[in-house]
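Read in the working numbering, the sequence shown has 412 at position 42, and its numbers run on one by one without any break.
The beta-carbon is built from N, C-alpha and C at its ideal position, and this holds for glycine as well.
Data first, discussion second: the structure below is written as structure tokens.
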Amino acid sequence: EEGVVVEYLDGRTTLYRGVPESAEGTVTAGPGKETHVLVTDPTETEGVMTYVNDYKTDDEILEESGVGRVIVEDGERDEVFPGVIVGREGQRNEVVADPEVAGGRVFVFVEDGWTEGSYEIVEGPEDGLDAHR
């Protein structure tokens, strides 16, 4: 099966199914969708994962797995890594990124109990990152 496999610090692995769709600049999740952001290092063998507006995952699991969590309110934005900005508009999470600034590949995984989508932000937003800060 194709997709992106993530191995967490605690040894668990997860397969985010499907070849990621290419996106330019921004990925906006549907209302109520879980949003996970993975930024790899230049070798693509290591990276950092952050869950956006995740209220369900237990703090201990996040700590053991090495996954971060960021909560942004409606209308807010936060630069979670250099070159990666997350925000919220209404019930939709938004990820804006420039892989060149991030220094690696930027993946966004969007899912709920029924569907999942995988995206790779392949270039920065046309209007630049500063327009989204």
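Cβ neighbour criterion (16 or more within 10 Å) applied to Val389 | Per the 10 Å Cβ criterion, exposed.
N- and C-terminal bounds of the beta strand (DSSP E) containing Glu493 = Note, Glu493: beta strand (DSSP E), 486-493.
In the DSSP assignment, what are the bridge partners of Asn463?
-> In the DSSP output, where bridge partners are listed per residue, Asn463 has Arg458.
Since Arg504 sits in a beta bridge, which residues does DSSP pair it with?
-> One cannot answer for residue 504 here, as it falls past the ends of the chain, which runs 371 to 503.
Going by beta carbon distance, what residues of the same chain come within less than 6 Å of Glu372, once the five residues before and after it are set aside?
-> Here the set comprises Val389.
Roughly how many angstroms separate the alpha carbons of Glu470 and Leu385, rounded to a whole number?
-> The straight-line gap from Cα to Cα measures roughly 25 Å.
Of all the options Thr413, Asp428, Tyr421, Val374, which has the alpha carbon lying nearest to the alpha carbon of Ala472?
-> For the residues Thr413, Asp428, Tyr421, Val374, the minimum Cα distance to Ala472 belongs to Thr413.
Answer yes or no: do Val418 and Val409 have a C-beta to C-beta separation smaller than 8 Å?
-> It is a contact, given that the beta carbons lie within the stated cut-off.
Taking the alpha-carbon positions, what's the Lys426 to Gly494 distance?
-> As the crow flies, the alpha-carbon of Lys426 is around 30 Å from that of Gly494.
Reference Asp444, options Asp500, Val480, Gly498, Pro401, closest by Cα | Relative to Asp444, the option among Asp500, Val480, Gly498, Pro401 whose CA is nearest is Pro401.
Do you know offhand how far Arg382's Cα is from Gly453's?
-> Whole-angstrom Cα-Cα distance: 28 Å.
Taking the DSSP output, what are the residues bridged to Gly417?
-> Beta-bridge pairing links Gly417 to Thr410.
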